[in-house]
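Participant:
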Amino acid sequence: MTTTLITHIGELTTNVATPADPCGTRHDAAVLIADGRIAWTGPAADAPGEEERRVVDARGRAVLPGFVDSHTHVVFGGDRADEFEARMAGQAYAAGGIRRTVAATRAASDDELRVRLAGFVAEMQAQGTTTFEVKTGYDLTMSGEERLARLAAEVTPEVTFLGAHVVPAEYVDDRAAYVDLVCGVMLDAVRPHARWIDVFCETGAFTPAETERILRAGIAAGLRPRVHGNQLGAGDGARLAAALGAASVDHCTYLSDADVAALAAGDTVATLLPGVEFSTRHPYPDARRLLDAGVTVALASDCNPGTSFTTSIPLMIALAVREMGMTVAEAVWAATAGGARALERTDVGALAVGMRADLVILDAPTRTHLAYRPGVPLVHAVYKDGIALR
Ligand code: NIG
Ligand code: FE
C-alpha cells in the first residue's frame, strides 16, 4: 500500500479538541495518509518510518482540514452585477431578484449549467474547499428543479431541494398551489437526487406556516431539513428550525434572545454567511453572542448571484474575525468542523485517524494568516481523499 507522509508542518490544525484548544493544534507535526484516510498524526520526529511512501515536505507551512462549505447555490444561469452596483449606491436588497436568475437558469442548457458549475467547483477547490453543498431553487418547476438537483448531484453528495426559494411569477396569485406543488410532485421528482430540504423563511418568500408544511413534507419523504432564516429581519425561521431539529439555520442576522436560547437548547447549527452582509450592507451577524450562548456556529459562502457572489471561505474567515467577534481559531473551526456539523458529516472537518484525508496546505506558517492576509491566495496545496488536487 502506498502512503503519503506530509511532514515538517509548522502548525497543524486537527480539530481533535482538547479542553484548552478546540482546534487541536500541533506544532512541528506530520500527517500520514493511507487509502485516502488519515492514518496517523503526531510530532514530525515520531513519524512512522518503513514501507513505500511518498514524502511531502511542508517546509513549516500550516496544514488544516479542507473547508466544508455547507451552503451554496452554484447551479444557475446569468448574473446580477447591476443589482450589486445599485446596492452599493444605496438601494436595498430585494428577494424578488431571485426571479431574474430563475429566468436565466431556465434558459440555460444542461451543458451550459454544467460548465458553469464546474467553474465554481474549481474556484472552491483552489481556495481550499473540499466538501460543499449545492441547492436547487433557481428553476421552480418540477422538471427544472429535478434537472438542477441532478446536475448538482454530479459534483456533490450534498444536494438540497430548495423549491421553496420564492414563489415563481406564474404562481404569485395562487401561492397555495405552488406550496402544494413543492410538497407533492416536485418533491417526488427531486427526492432521488437530494439529501436535504430547505425553505427561504422570510417576509417576501415563505411564511412560517408554509415553511413548516414544506419541511415536514420533505422529512416525511426522507430528507433532512435546513432553513434560510432571519436574514433580512426578525422572524420565526431560527425557532422553527430548532423545533424541527433541523441540521442548520442559515443567515441568523436578526436574532432575538428567544431565538438564541432556542438554538442553544438544541443541536441546530447557526450557519453564518458574511458574504451576504458584505454584498447587501446589512449588519454582520453577531457570532460572539451565539458562541457565548453555547450555539454551534458554522461559516459558509452562500455563493449565489444575488447576495454573495463569492466561493471564498478564506474571505468568510477574514470577515468573521474582523467583523463578527470570532477568534481566528473559532472562525477556522466554524469553516471546517462547523460546516461538517451543519451537514451532519462525521468523516470530514477534522484530521482525526480514520477520517477522510481532505486537507489544505497554506503558503503561510499559521492559520491566522487566512484573516491576517485578506484577499491573498494562500492555498498552496489541496488534498481530497488523500489525492493532491493542486
Ligand atoms: O441565501 N436567501 C435566499 N437566497 C439567497 C439569495 C438568492 C438571490 O438573491 O438570488 C441567499 O441569500
Ligand atoms: Fe442561501
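Numbering (the working numbering), first residue to last: 348 to 737. Glycine included, every Cβ here is placed at the ideal spot set by N, Cα and C. Here the structure is a predicted model, which means the values were calculated and not measured.
(1) Which residue marks the beginning of the alpha helix (DSSP H) containing D639, and which one marks its end?
(2) Is it a yes or a no for the region 410-418 touching the region 625-632, going by three-plus beta-carbon pairs under 8 Å?
(3) Any idea which residues DSSP pairs Y730 with across the strands?
(4) For Q438, count neighbouring Cβ atoms within 10 angstroms of its own Cβ and tell me buried if that reaches 16, exposed if not.
(5) Please find out if some non-hydrogen atom of the ligand MG comes closer than 7 Å to the beta-carbon of N651.
(6) Quick one: what's got a C-beta closer than 8 Å to E559's C-beta in the same chain, skipping five residues either side?
(7) Using a threshold of 7 Å, is the CB atom of D597 nearer than that to any non-hydrogen atom of the ligand FE?
(8) Determine the burial state of S417: buried for a count of at least 16 other Cβ atoms within 10 Å of its Cβ, exposed for fewer.
(9) What do you reckon, is the C-beta of H629 under 7 Å from a heavy atom of the ligand FE?
(10) Determine the burial state of Y429: buried for a count of at least 16 other Cβ atoms within 10 Å of its Cβ, exposed for fewer.
(11) Please indicate yes or no: does the CB of T448 lie closer than 7 Å to some heavy atom of the ligand NIG?
(12) What's the C-alpha gap between F431 and R461?
(13) Do R384 and R703 count as a contact pair if the criterion is CB distance below 8 Å?
(14) Quick check: R446 and V378, are their CB atoms within less than 8 Å of each other?
(15) Between T715 and the rest of its own chain, which residues show a CB-CB distance below 7 Å, the 5 nearest in sequence each way excluded?
(16) Assuming L610 contacts A634 under a Cβ cut-off of 8 Å, what Cβ separation, rounded to an integer in Å, is found between them?
(17) So for P572, helix, strand or coil by DSSP?
(18) Going by beta carbon distance, what residues of the same chain come within less than 6 Å of K731, once the five residues before and after it are set aside?
(19) Who are W387's beta bridge partners in DSSP?
(20) Cβ-heavy atom distance between V623 and the ligand NIG below 7 Å?
(21) With a threshold of 16 other CB atoms inside 10 Å of the CB of M348, please say whether the residue is buried or exposed.
(22) Does any heavy atom of the ligand NIG sit closer than 7 Å to the C-beta of A645?
(23) Is the beta carbon of H727 within less than 7 Å of some heavy atom of the ligand FE?
(24) Based on the DSSP secondary-structure assignment, which residues constitute the bridge partners of A645?
(25) Could you pull the start and end residues of the beta strand (DSSP E) that E505 belongs to?
(26) Looking only at its own chain, which residues have a Cβ that is under 8 Å from the Cβ of P555, when we skip the five neighbours before and after it?
(27) Could you tell me the alpha carbon to alpha carbon distance between A593 and T452, rounded to whole angstroms?
(28) Got a sec: does the ligand NIG put a non-hydrogen atom nearer than 7 Å to the Cβ of F547?
(29) Would you check if there are 3 or more beta carbon pairs closer than 8 Å linking the region 525-532 to the region 465-481?
(30) Please report the straight-line C-alpha distance between V729 and G407, rounded to a whole angstrom.
(31) Are the CB atoms of T361 and L698 within a distance shorter than 8 Å?
(32) Nearest by alpha-carbon distance to A612: which of V642, T654 and G389 is it?
(33) Name the DSSP beta bridge partners of R400, please?
(34) Here's the rule I'm using: 16 or more other beta-carbon atoms within 10 Å means buried, otherwise exposed. How should G551 be labelled?
(35) For a test of the three-state rule: what should DSSP assign to T360, helix, strand or coil?
(36) Going by other Cβ atoms of all chains shown within 10 Å of its Cβ, with 16 needed for buried, is S648 buried or exposed?
Facilitator: The structure says:
(1) Here residue 639 refers to the residue found at position 292 when the sequence shown is read from its first residue. Its alpha helix (DSSP H) spans residues A634 to D639.
(2) no
(3) The residue you call residue 730 lines up with position 383 of the sequence shown. DSSP, once it has assigned bridges, lists L706 and A735 as partnering Y730.
(4) The sequence position of residue 438 within the sequence shown is 91, counting from 1. So Q438 ends up on the exposed side.
(5) In the structure on display, the ligand MG does not appear, and the ligands it does have are the ligand NIG and the ligand FE.
(6) Counting from one through the sequence shown, the residue named residue 559 turns up at place 212. Excluding positions up to five away in sequence, the list reads L587 and L591.
(7) Taking the sequence shown and counting its residues from 1, one reaches residue 597 at position 250. It does: the Cβ of D597 is within 7 Å (strictly closer) of some heavy atom of the ligand FE.
(8) On the sequence shown, position 70 is the one that residue 417 refers to. Result: buried.
(9) Walking along the sequence shown from the start, residue 629 turns up at place 282. Not under cutoff, so the answer is no.
(10) Your numbering for residue 429 matches position 82 in the sequence shown. Residue identity check: residue 429 is Asp in the sequence provided, not Tyr. So D429 counts as exposed.
(11) To locate residue 448, count along the sequence shown from 1; it is residue 101. Because some heavy atom of the ligand NIG lies under 7 Å away, the Cβ of T448 counts as near it: yes.
(12) Against the sequence shown, residue 431 aligns to sequence position 84. Against the sequence shown, residue 461 aligns to sequence position 114. One C-alpha to the other measures close to 25 Å.
(13) Residue numbering aside, residue 703 sits at position 356 when the sequence shown is read from its first letter. Residue numbering aside, residue 384 sits at position 37 when the sequence shown is read from its first letter. The answer is yes: Cβ separation under 8 Å.
(14) Translated into positions along the sequence shown, residue 446 becomes position 99. Translated into positions along the sequence shown, residue 378 becomes position 31. It is not a contact, given that the beta carbons lie outside the stated cut-off.
(15) Numbered from its first residue, the sequence shown carries residue 715 at position 368. The answer, listed in chain order, is V675.
(16) One-based indexing of the sequence shown puts residue 610 at position 263. One-based indexing of the sequence shown puts residue 634 at position 287. Their Cβ separation, rounded to whole angstroms, is 12 Å, which puts L610 and A634 out of contact at 8 Å.
(17) Within the sequence shown, residue 572 is the residue found at index 225, counting from 1. If DSSP states are grouped into helix, strand and coil, P572 belongs with the strands.
(18) In the sequence shown, counting from the first residue as 1, residue 731 sits at position 384. Cβ neighbours of K731 beyond the five flanking positions: T477 and D705.
(19) As a position in the sequence shown, residue 387 is number 40, starting the count at 1. According to DSSP, W387 bridges with L379.
(20) For the purposes of this step, residue 623 is identified with residue 276 of the sequence shown, where counting begins at 1. Answer for V623: yes, Cβ within range of the ligand NIG.
(21) Along the sequence shown, one-based indexing puts residue 348 at 1. That one is exposed.
(22) Within the sequence shown, the letter at position 298 stands for residue 645. The answer is no for A645.
(23) Along the sequence shown, read from residue 1 onward, the residue named residue 727 stands at position 380. Checking the Cβ of H727 against the ligand FE gives no.
(24) Counted from its first residue, the sequence shown places residue 645 at position 298. Looking at the DSSP assignment, A645 forms a beta bridge with T618.
(25) Reading the sequence shown from its first residue, position 158 is the one you call residue 505. Segment E505 to A511, the beta strand (DSSP E) holding E505.
(26) Mapped onto the sequence shown, residue 555 falls at position 208. These residues qualify, in order along the chain: C548, G582, D583, G584 and L587.
(27) Residue numbering aside, residue 593 sits at position 246 when the sequence shown is read from its first letter. Residue numbering aside, residue 452 sits at position 105 when the sequence shown is read from its first letter. About 28 Å.
(28) Counted from its first residue, the sequence shown places residue 547 at position 200. Yes, the ligand NIG has a heavy atom inside 7 Å of this Cβ.
(29) no
(30) The residue labelled residue 729 in the question sits at position 382 within the sequence shown. The residue labelled residue 407 in the question sits at position 60 within the sequence shown. In a straight line, the C-alpha of V729 is about 16 Å away from that of G407.
(31) As a position in the sequence shown, residue 698 is number 351, starting the count at 1. As a position in the sequence shown, residue 361 is number 14, starting the count at 1. Against a cut-off of 8 Å, the Cβ pair of T361 and L698 comes out as a contact.
(32) Numbered from 1 along the sequence shown, position 265 holds the residue referred to as residue 612. That would be V642, whose Cα lies nearest to the Cα of A612.
(33) Residue 400 sits at position 53 when you count from the first residue of the sequence shown. Bridge partners of R400: T350.
(34) As a working mapping, residue 551 is identified with position 204 in the sequence shown. It counts as exposed.
(35) Start at 1 with the first residue of the sequence shown, and residue 360 comes out as number 13. The answer is strand: DSSP assigns T360 an E or B state.
(36) Against the sequence shown, residue 648 aligns to sequence position 301. Buried, since its Cβ has 16 or more Cβ neighbours within 10 Å.
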